[in-house]
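Protein chains in written order, with this note's numbering: chain G, 238 to 378; chain B, 46 to 236.
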């Protein structure tokens, strides 16, 4: 039993040694050219489906972030909007514009008290994210 | 190039850069051809097998999840394509048992092997591998040349672990026999 195991080990070692001299065979160049021809044919035969840069799910958050940015830029000077409402002289019993004006005013004051660098940073980050997403989408087309 | 760079190439191919696939072909065509030839034992058919396997791999690229190396996955396609090719034709195999009878007196295998030049040993090994059964030669190359583990060979062939071990054992024995036969012939020709 032991002798057989030793003989197996020897055979294994001999084969291992002789495989040190083994070299794979060189594939004929026709393999690559033919395979690539088939690949290109397959690729061109397949219908190319362009994914829209902004798909349905992305559309909403882009729209939302755009409106938020727009609102943010307006809130820098929300008194403009308040004045606009006052100028409109909206006359409605349903909406209490006085209260709305007060609230808008307080929000605008809160935003106004923030340093402008915060706005620029937020806008910058959002813009970077958008640009990054846009280019990664372009790369995948 | 390791598996991570293969995965990068595959991502590029999937993203539409078909040209990136040619780099994968460059990397694996020679080994694929060698493995295909070890099964079909005919260069022209090995070429066809290799082309088919590479194209099949491209078509099935979406199913490659990266759990195993790309090469292991590709060699499995090569293996399956070569086996299909083999089944489609009747093979004329040289029986080692028949040849065994023609063997002369036993001689020192190691000593004679060492007498040969490196180039001659290469040729003798290639000829000996041709005498092995198709699957055995494929497994021997993966195990001894590519130094793949038994688990990886299981992935590359779809055979069971115990089956691989049996085939390795049989392959070793037969390869030694084949080498002995070829060496004795070589020595005789010298004399």
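Note that beta-carbon positions come from the ideal geometry of N, C-alpha and C, so glycine has one too.
Quick caveat, the model's predicted, so the values are computed rather than measured.
- Residue 96 of chain B: member of the alpha helix (DSSP H) spanning 88 to 104, first to last residue.
- Across the structure, residue 300 of chain G and residue 361 of chain G are spaced so that their CA atoms are roughly 17 Å apart.
- At a cut-off of 9 Å between beta carbons, residue 356 of chain G makes no contact with chain B.
- Taking a contact as a CB-CB distance under 8 Å, the pair residue 302 of chain G and residue 363 of chain G counts as one, their CB atoms being some 6 Å apart.
- For residue 68 of chain B, there are no neighbours in chain G by C-beta distance under 8 Å, as the nearest C-beta there is about 10 Å away.
- Secondary structure at residue 54 of chain B: helix, using DSSP grouped into helix, strand and coil.
- Residues of chain B with a Cβ closer than 8 Å to the Cβ of residue 297 of chain G do not exist, since the nearest Cβ in that chain sits about 25 Å away.
- The CB of residue 63 of chain B comes closer than 7 Å to the CB of 276, 277, 280 in chain G, given here in chain order.
- Residue-level contact by beta carbon fails for residue 374 of chain G and chain B, as no gap is shorter than 9 Å.
- Taking a contact as a CB-CB distance under 8 Å, the pair residue 66 of chain B and residue 103 of chain B counts as one, their CB atoms being some 6 Å apart.
- A Cβ-Cβ distance of about 13 Å is found for the pair residue 58 of chain B and residue 119 of chain B, leaving them out of contact under the 8 Å criterion.
- By the beta-carbon neighbour count (other beta carbons within 10 angstroms, threshold 16), residue 77 of chain B is buried.
- Within chain G, the residues whose beta carbon sits less than 8 Å from that of residue 170 of chain B are 255, 256, 258, 259, listed in sequence order.
- Residue 366 of chain G and residue 273 of chain G have their C-alpha atoms spaced approximately 37 Å apart.
- Taking a Cβ-Cβ cut-off of 8 Å, residue 369 of chain G has no neighbours in chain B, whose nearest Cβ is about 16 Å from it.
- At least 9 Å separates the CB of residue 352 of chain G from every CB of chain B.
- Residue burial annotation: residue 351 of chain G is exposed, with fewer than 16 other C-beta atoms found within 10 angstroms of its C-beta.
- Residues of the segment 218 to 233 of chain B with a C-beta atom less than 8 Å from some C-beta of chain G are 218, 220, 221, 224, listed in chain order.
- Secondary structure at residue 182 of chain B: helix, using DSSP grouped into helix, strand and coil.
- The C-alpha of residue 248 of chain G is placed about 60 Å away from the C-alpha of residue 369 of chain G.
- Look at residue 107 of chain B: its C-beta is not under 9 Å from any C-beta on chain G.
- By the rule that beta-carbons nearer than 9 Å mark a contact, residue 186 of chain B touches chain G.
- Of all alpha-carbon atoms in B:220, B:199, B:170, the one lying nearest the alpha-carbon of residue 260 of chain G is that of B:170.
- Here residue 216 of chain B is buried, its C-beta having at least 16 other C-beta atoms within 10 Å.
- For residue 92 of chain B, a Cβ of chain G is located within less than 9 Å of the residue's own Cβ.
- When 8 Å is used as the limit between beta carbons, residue 100 of chain B is near these residues of chain G: 272, 275, 276, 279, in chain order.
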